[in-house]
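Structure, as structure tokens:
Protein chains: 4
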Amino acid sequence: MSIHTPRGDTRARILDVALELFSEQGYEKTSLREIADRLGVTKAALYYHFKTKDDIVRGIVESMSAPIDEAIAWGRERPWSPELRDELVRRFADGMTARSGLLRFFHENQPAVRELNAGALFKERMIAMVQLIQGPESSYQDRVRAVVALLTINAGLFMLQEEPEGHQCPAADRQAAALEVALEIVQRITPEATDGKDAATEV
Amino acid sequence: MSIHTPRGDTRARILDVALELFSEQGYEKTSLREIADRLGVTKAALYYHFKTKDDIVRGIVESMSAPIDEAIAWGRERPWSPELRDELVRRFADGMTARSGLLRFFHENQPAVRELNAGALFKERMIAMVQLIQGPESSYQDRVRAVVALLTINAGLFMLQEEPEGHQCPAADRQAAALEVALEIVQRITPEATDGKDAATEV
Amino acid sequence: MSIHTPRGDTRARILDVALELFSEQGYEKTSLREIADRLGVTKAALYYHFKTKDDIVRGIVESMSAPIDEAIAWGRERPWSPELRDELVRRFADGMTARSGLLRFFHENQPAVRELNAGALFKERMIAMVQLIQGPESSYQDRVRAVVALLTINAGLFMLQEEPEGHQCPAADRQAAALEVALEIVQRITPEATDGKDAATEV
Amino acid sequence: MSIHTPRGDTRARILDVALELFSEQGYEKTSLREIADRLGVTKAALYYHFKTKDDIVRGIVESMSAPIDEAIAWGRERPWSPELRDELVRRFADGMTARSGLLRFFHENQPAVRELNAGALFKERMIAMVQLIQGPESSYQDRVRAVVALLTINAGLFMLQEEPEGHQCPAADRQAAALEVALEIVQRITPEATDGKDAATEV
DNA sequence: CATGAATGAGTCTTCATTCAT
DNA sequence: GATGAATGAAGACTCATTCAT
Chain Y
1452 MSIHTPRGDT RARILDVALE LFSEQGYEKT SLREIADRLG VTKAALYYHF
1502 KTKDDIVRGI VESMSAPIDE AIAWGRERPW SPELRDELVR RFADGMTARS
1552 GLLRFFHENQ PAVRELNAGA LFKERMIAMV QLIQGPESSY QDRVRAVVAL
1602 LTINAGLFML QEEPEGHQCP AADRQAAALE VALEIVQRIT PEATDGKDAA
1652 TEV
Chain U
1452 MSIHTPRGDT RARILDVALE LFSEQGYEKT SLREIADRLG VTKAALYYHF
1502 KTKDDIVRGI VESMSAPIDE AIAWGRERPW SPELRDELVR RFADGMTARS
1552 GLLRFFHENQ PAVRELNAGA LFKERMIAMV QLIQGPESSY QDRVRAVVAL
1602 LTINAGLFML QEEPEGHQCP AADRQAAALE VALEIVQRIT PEATDGKDAA
1652 TEV
Chain L
1452 MSIHTPRGDT RARILDVALE LFSEQGYEKT SLREIADRLG VTKAALYYHF
1502 KTKDDIVRGI VESMSAPIDE AIAWGRERPW SPELRDELVR RFADGMTARS
1552 GLLRFFHENQ PAVRELNAGA LFKERMIAMV QLIQGPESSY QDRVRAVVAL
1602 LTINAGLFML QEEPEGHQCP AADRQAAALE VALEIVQRIT PEATDGKDAA
1652 TEV
Chain A
1452 MSIHTPRGDT RARILDVALE LFSEQGYEKT SLREIADRLG VTKAALYYHF
1502 KTKDDIVRGI VESMSAPIDE AIAWGRERPW SPELRDELVR RFADGMTARS
1552 GLLRFFHENQ PAVRELNAGA LFKERMIAMV QLIQGPESSY QDRVRAVVAL
1602 LTINAGLFML QEEPEGHQCP AADRQAAALE VALEIVQRIT PEATDGKDAA
1652 TEV
């Protein structure tokens, strides 16, 4: 169920296949030949549509930024409140669920992403999101909470997958559980209780 | 402050330099020439000590098992209790702080790690750790909490590094904040309260 | 001040831009994409006007034959004399000054020109010119003098350009100086004095 | 009769074969595969000895600079005089005769040489040579004469080769003729007669 | 007249690996 | 313990060229 591929549109198919392979095998290990082969075209065809290999990544990021951008725009128009905070987490989770491939790619290919300058696009968005969630006048601990909450969403999407024994769990359940834990984490974020240490021990 | 290099022996120096470069630039992007150059030896010398590049990774992993193994052994001898749970998180944090390079490498090079089956060794330990922390008869949510808590420790070690504006923060503070948030997260884990949803709203 | 481009017609503009780039960057290093880009058309458009890249070169050569051909025709109608000799050198200089781009291209891209057999056309003309200048019954030295005289004209056009220190010199002066040195050189050519050695020392 | 190849020394053999191919087919048209094939080694072997393709050119230039450097050093120790001037031309001719391959390469591959920054090494030497020959307080015309004299030497080495009809001429004779014409040209260079225009018309 | 899409052959370069010494 | 020399496989990228529209 790819996001791109609206039609026979080669460019979109490239993005699709590339993301698939990048997130499975990693950016470095995925060669343009592989992408081309799987699409039934030549490497040179990829270069007709994208100037370089990392331009493909840029293409993927751009083609997927819409939902996060919306969540950010939506959040910026409203004053911070616990409800806003939770809703942002939920919207993030929704947006990411459909984009888990991209997310996984970003998480698991940090070294490549760091120097890909396509990474910057994505990181900006994450930072904006974190800031909206933590709200104004919050402590560093609150920032950590916000970051970890988003991380938790991600964990639900792909890090909890490979479980042993009887802990196997359908994807939907995993994601639901992750969302709840994420909400649980951000719950501690409150404009008043700025001192994280107290918050951590007061219960 | 390298972990290896107890004596001047080359093998250990290779592991040291390799880990450093792997965690900075990624496994794929780090060539044996680079490692050799930084050590002032030839590529061929590396092959005297390690059969393949993968083998270097395996060497690194083995060299770091000790501290987690100890924490696991320590935990297994004791019955679960909130105090044990917290202590395990703290020990994990301590162990990881000293090995943050390896940790970062593992987190950021999943694709390489996955196919290197060197990851298996490490993953087993992580799973064991998670299990000890979540305790017996716990819910899936508890599992998520345990996983995320360890993730939080890691976040404190290297994911919160690149911050914008005035949010820059010394490493020690970051790690302390992360530890507290991690403890906060596992706090919800209680053998009795198996239903995550209630737990999330009851405070 | 392009040679081609009499009307807005594309074919001529292609020749113009191609010559410019060929003489700046060399034949091999200039891609059709570059030519097309600078013209604001697509590569495929070039193929409407020229069958191959080589064909563009051939087009350029043909478009420049006229002035030398005229000088040659003019020279053939007259009996050799020192005045004719000098006048041929002057006419050559005039003709080349207007085509210095092409000349430079020919001089600096010999390997490409050689295998393009487009060079043949040009070389024939040069040989004819040399022969007219050296006149009948002349020595091999005279031939060398004739060749070097033409070479000197060319040197004035583009080889003396990159000078250090205060030797920088406006193009017009460079060309004037070159012309005079060229005339100086051919002055030694005289049907009678066939022995170069004597000629070289008799002054 | 290659200059390198003192023994089975691969590095030297590479320089040899490379220069041969570069001067025959041009720098751009000569692929590393060709060089490697003709040597019976792999492309990768070339990269063991040279970091890049243009590093090979640098290697060639360096390996051939000795004779010109000697001529320059010799000339710098002496005050200018017509005899010095002529002797420099002769020494240049001698040095170049043995290096005609390199010379041809430089002449015919200007576009490549220009951006190869290996060209700088060579050009510096040529400029120094020109300066020594033209002597102090000389006119711009004198400079042109000096440049053209060296050019004449080069012409004798490879530009007069492809002659039609009965003008074919053994290499040694060609070079001898060229040397004499070159000497003839520099003869006009005299510290006193600084005004080139007079010189050109006074005869 | 011209373009958009694609190809096939080839380029330089890098890398992990090997082996005789 | 280590080096110097070399290899084979592969990688990203470029280019001239083609052709249906």
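Chains as they are written, first to last, in the working numbering: chain Y, 1452 to 1654; chain U, 1452 to 1654; chain L, 1452 to 1654; chain A, 1452 to 1654. We put the beta carbon where it would ideally sit given N, CA and C, even for glycine. Values in this document were obtained by computation on a predicted structure and should not be read as measured data.
With 8 Å as the threshold, decide whether the Cβ of residue i is near any Cβ in chain L.
{"i": "Thr-1603 of chain A", "result": "yes"}
{"i": "Ala-1629 of chain A", "result": "yes"}
{"i": "Val-1512 of chain A", "result": "no"}
{"i": "Tyr-1498 of chain A", "result": "no"}
{"i": "Gln-1626 of chain A", "result": "no"}
{"i": "Val-1492 of chain A", "result": "no"}
{"i": "Arg-1596 of chain A", "result": "yes"}
{"i": "Glu-1479 of chain A", "result": "yes"}
Whose C-alpha, out of the options, is nearest the C-alpha of residue i?
{"i": "Ile-1640 of chain L", "options": "L:Glu-1631, L:Ser-1589, L:Leu-1608 and L:Val-1632", "result": "L:Ser-1589"}
{"i": "Glu-1475 of chain L", "options": "A:Met-1577, A:Gln-1592, A:Ala-1563 and A:Val-1632", "result": "A:Ala-1563"}
{"i": "Thr-1603 of chain Y", "options": "Y:Phe-1573, Y:Asn-1560, Y:Ala-1569 and Y:Thr-1548", "result": "Y:Thr-1548"}
{"i": "Asp-1467 of chain L", "options": "L:Tyr-1498, L:Tyr-1499 and L:Val-1512", "result": "L:Val-1512"}
{"i": "Cys-1620 of chain L", "options": "A:Val-1632, A:Arg-1594 and A:Leu-1601", "result": "A:Arg-1594"}
{"i": "Phe-1573 of chain U", "options": "U:Glu-1528, U:Gly-1586, U:Leu-1630 and U:Ile-1523", "result": "U:Ile-1523"}
{"i": "Gln-1638 of chain U", "options": "U:Lys-1502, U:Phe-1543 and U:Pro-1533", "result": "U:Pro-1533"}
{"i": "Arg-1529 of chain L", "options": "L:Gly-1570, L:Gly-1510, L:Gly-1586 and L:Thr-1481", "result": "L:Gly-1586"}
{"i": "Phe-1473 of chain U", "options": "U:Asp-1460, U:Ala-1496, U:Asp-1505 and U:Phe-1501", "result": "U:Asp-1505"}
{"i": "Ala-1569 of chain U", "options": "U:Val-1598, U:Arg-1625, U:Thr-1481 and U:Ser-1514", "result": "U:Ser-1514"}
{"i": "Ala-1606 of chain Y", "options": "Y:Ala-1633, Y:Arg-1596 and Y:Ile-1519", "result": "Y:Ala-1633"}
Within the 8 Å Cβ cut-off, does residue i reach chain U?
{"i": "Gln-1554 of chain Y", "result": "Contrary to the premise, residue 1554 of chain Y reads as Leu rather than Gln in this sequence. For Leu-1554 of chain Y, the answer is no, since every Cβ of chain U falls outside 8 Å of its Cβ."}
{"i": "Asn-1560 of chain Y", "result": "yes"}
{"i": "Lys-1504 of chain Y", "result": "no"}
{"i": "Asp-1646 of chain Y", "result": "For Asp-1646 of chain Y, the pLDDT reaches just 46, beneath the cut-off of 50, and the residue's location in the model is therefore unreliable, although a value from the coordinates is still provided. Not an interface residue."}
{"i": "Glu-1476 of chain Y", "result": "Inspection of the sequence shows that residue 1476 of chain Y is occupied by Gln rather than by Glu. Chain U, which has a Cβ nearer than 8 Å to the Cβ of Gln-1476 of chain Y, makes this yes."}
{"i": "Gln-1612 of chain Y", "result": "no"}
{"i": "Glu-1528 of chain Y", "result": "no"}
{"i": "Val-1508 of chain Y", "result": "no"}
{"i": "Val-1540 of chain Y", "result": "no"}
{"i": "Val-1468 of chain Y", "result": "no"}
Does residue i have its Cβ less than 8 Å from a Cβ in chain Y?
{"i": "Ala-1563 of chain U", "result": "yes"}
{"i": "Ile-1636 of chain U", "result": "yes"}
{"i": "Gln-1585 of chain U", "result": "no"}
{"i": "Arg-1464 of chain U", "result": "no"}
{"i": "Arg-1639 of chain U", "result": "yes"}
{"i": "Glu-1485 of chain U", "result": "no"}
Classify residue i as helix, strand or coil using the three-state DSSP reduction.
{"i": "Leu-1602 of chain U", "result": "helix"}
{"i": "Phe-1501 of chain L", "result": "coil"}
{"i": "Arg-1550 of chain L", "result": "coil"}
{"i": "Ser-1514 of chain L", "result": "helix"}
{"i": "Glu-1528 of chain A", "result": "coil"}
{"i": "Ala-1644 of chain U", "result": "Bear in mind that the predicted position of Ala-1644 of chain U carries a pLDDT of just 44, short of 50, making it unreliable; the figure below should be weighed with that in mind. The answer is coil: DSSP assigns Ala-1644 of chain U none of H, G, I, E or B."}
{"i": "Pro-1533 of chain Y", "result": "helix"}
{"i": "Thr-1461 of chain A", "result": "helix"}
{"i": "Leu-1466 of chain U", "result": "helix"}
{"i": "Lys-1494 of chain L", "result": "helix"}
{"i": "Lys-1480 of chain U", "result": "coil"}
{"i": "Ser-1474 of chain L", "result": "helix"}
{"i": "Gly-1570 of chain U", "result": "helix"}
{"i": "Pro-1587 of chain L", "result": "coil"}
Below 8 Å on the Cβ atoms is my contact criterion, and I expect residue i with residue j to pass it. Report the Cβ-Cβ distance as a whole number of Å.
{"i": "Ser-1516 of chain A", "j": "Arg-1464 of chain A", "result": "20 Å between Cβ atoms; not a contact."}
{"i": "Arg-1536 of chain L", "j": "Ile-1486 of chain L", "result": "Not quite, the Cβ-Cβ distance comes to about 40 Å (not below 8 Å), so this is no contact."}
{"i": "Ser-1551 of chain Y", "j": "Leu-1608 of chain Y", "result": "4 Å"}
{"i": "Gln-1592 of chain U", "j": "Glu-1631 of chain Y", "result": "6 Å"}
{"i": "Leu-1601 of chain L", "j": "Val-1581 of chain L", "result": "7 Å"}
Is the shortest distance between the beta-carbon of residue i and the beta-carbons of chain A less than 8 Å?
{"i": "Ala-1606 of chain L", "result": "yes"}
{"i": "Glu-1521 of chain L", "result": "no"}
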